[in-house]
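Asker: Below is a structure I'd like to ask you about.
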Amino acid sequence: MAKSFGVLLKVANYRFSSLILRVITAFGLLVVMGSCSDGKPPTGRMPPVLTLGKAAPDFAFQMIQDGEFNPEHATDSLNNYKGKVVYLDFWASWCKPCLKSMPLLNDLRAELGRDDFEVIAVNLDINASLGQEFLADHPVDYLVVRTDDSINELYKIKGLPTSYFIDKDGILRYAHQGFKVEDMKKIRQQLMSLLK
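Here it is, written out as structure tokens:
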């Protein structure tokens with residue numbers, strides 16, 4: 057009887073361990089799947105993760121073509137773009153909504169074609185070569201940059217794409233997460249209101 061109870065205990069322990077493993081795996085999948093927004097509800101103006109109406113946090117960056125980010129070789133910083141409206145976009149090569157938005161951002165940049173407007177796309181791929189390879193096949197006419205991993209915390213990135221619109225005084229005015237083609241009308245309106 058004691059032997060069969062021991063076997064029963066081992067079976068119960070195995071089943072419990074298996075259940076725990078499945079729960080952990082399911083949670084991990086939810087986190088990964090939720091990190092890239094397909095633009096389906098909720099979209100548009102999101103509850104701000106950074107306080108709108110406050111100064112955009114400055115950070116140093118370098119062009120993605122220069123390879124992995126090295127703070128000693130940073131070639132520019134966000135504060136250098138004061139005096140311009142900045143569309144600050146966070147993206148990665150594995151994020152499908154990000155990739156849908158890039159040609160439309162390229163068109164928007166060309167359409168506005170103003171000296172007081174800039175798109176800065178911050179690549180968040182773990183390896184810079186992934187972003188470089190993507191850009192080799194899909195070139196854009198706006199700034200694509202790299203920075204260090206602290207940018208995720210600095211800008212409270214919870215999903216991709218995440219975008220902030222920054223006015224000419226360097227103040228955060230609008231935040232947007234996810235992307236659908238239909239979003240472009242509202243994005244254009246928001247930008248035009250800042251460019252007036």
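Here our numbering is used: the first residue of the sequence shown is 57, the next is one more, and so on. We put the beta carbon where it would ideally sit given N, CA and C, even for glycine. Source: prediction; values computed, not measured.
#1: For the candidate residues W150, L251, F190, V200, whose alpha-carbon lies nearest to that of S133?
#2: Below 8 Å CB to CB, which residues in the same chain sit around K140 once its five sequence neighbours on both sides are set aside?
#3: Could you check where the beta strand (DSSP E) with E174 kicks off and where it finishes?
#4: Can you tell me whether H194 is buried or exposed? The criterion is at least 16 other CB atoms within 10 Å of its CB, across all chains shown.
#5: Kindly indicate the opening and closing residues of the beta strand (DSSP E) around R202.
#6: Using 9 Å as the threshold, is the C-beta distance between R202 and G215 below it?
#7: Secondary structure at D205, three-state DSSP: helix, strand or coil?
#8: Quick check on N136: buried or exposed, where buried means 16 or more other Cβ atoms within 10 Å of its Cβ?
#9: Quick one: what's got a C-beta closer than 6 Å to P113's C-beta in the same chain, skipping five residues either side?
#10: Run through the DSSP bridge pairs and tell me what A116 is partnered with.
#11: With H, G and I counted as helix, E and B as strand and the rest as coil, what does DSSP make of R229?
#12: Would you give the residue range spanned by the beta strand (DSSP E) that I258 belongs to?
#13: Taking all protein chains shown into account, do 16 or more other C-beta atoms lie within 10 angstroms of the C-beta of G234, making it buried, or fewer, making it exposed?
#14: Measuring straight from C-alpha to C-alpha, what distance separates F190 and N179?
#15: How is A111 classed by DSSP in three states: helix, strand or coil?
#16: What would DSSP say about D94, mapped onto helix, strand or coil?
Answerer: Quick answer:
#1: Taking the first residue of the sequence shown as 1, we reach residue 133 at position 77. Of the listed residues, the one whose Cα sits closest to S133 is V200.
#2: Residue 140 sits at position 84 when you count from the first residue of the sequence shown. D171, D172, F173, E174, K224.
#3: Here residue 174 corresponds to residue number 118 of the sequence shown, with the count starting at 1. Counting along the chain, the beta strand (DSSP E) containing E174 begins and ends at 173 to 179.
#4: Counting from one through the sequence shown, the residue named residue 194 turns up at place 138. Label assigned to H194: exposed.
#5: Position 146 of the sequence shown holds residue 202. Its beta strand (DSSP E) spans residues 199 to 202.
#6: Position 146 of the sequence shown holds residue 202. Position 159 of the sequence shown holds residue 215. No, these two residues do not count as a Cβ contact at 9 Å.
#7: Taking the first residue of the sequence shown as position 1, residue 205 is located at position 149. Reduced to three states, the DSSP call for D205 is coil.
#8: For the purposes of this step, residue 136 is identified with residue 80 of the sequence shown, where counting begins at 1. N136 is exposed by the Cβ-count criterion.
#9: Taking the first residue of the sequence shown as position 1, residue 113 is located at position 57. Correct list, in chain order: L210.
#10: For the purposes of this step, residue 116 is taken as the residue at position 60 of the sequence shown. S133.
#11: Position 173 of the sequence shown, counted from the first residue, corresponds to residue 229. Correct three-state label for R229: strand.
#12: Given that the chain is displayed from residue 57 to residue 252, the structure contains no residue 258 and the question cannot be resolved.
#13: For the purposes of this step, residue 234 is identified with residue 178 of the sequence shown, where counting begins at 1. By the 10 Å Cβ count, G234 comes out buried.
#14: Start at 1 with the first residue of the sequence shown, and residue 190 comes out as number 134. Start at 1 with the first residue of the sequence shown, and residue 179 comes out as number 123. Cα to Cα, F190 sits roughly 11 Å from N179.
#15: Stepping through the sequence shown from its first residue, residue 111 is reached at position 55. DSSP places A111 in strand when its eight states are reduced to three.
#16: Residue mapping note: residue 94 aligns to position 38 of the sequence shown, counting from 1. Annotation note: pLDDT 46 at D94 (below 50); position unreliable, coordinate value reported separately. Of the three classes helix, strand and coil, the one that applies to D94 here is coil, per DSSP.
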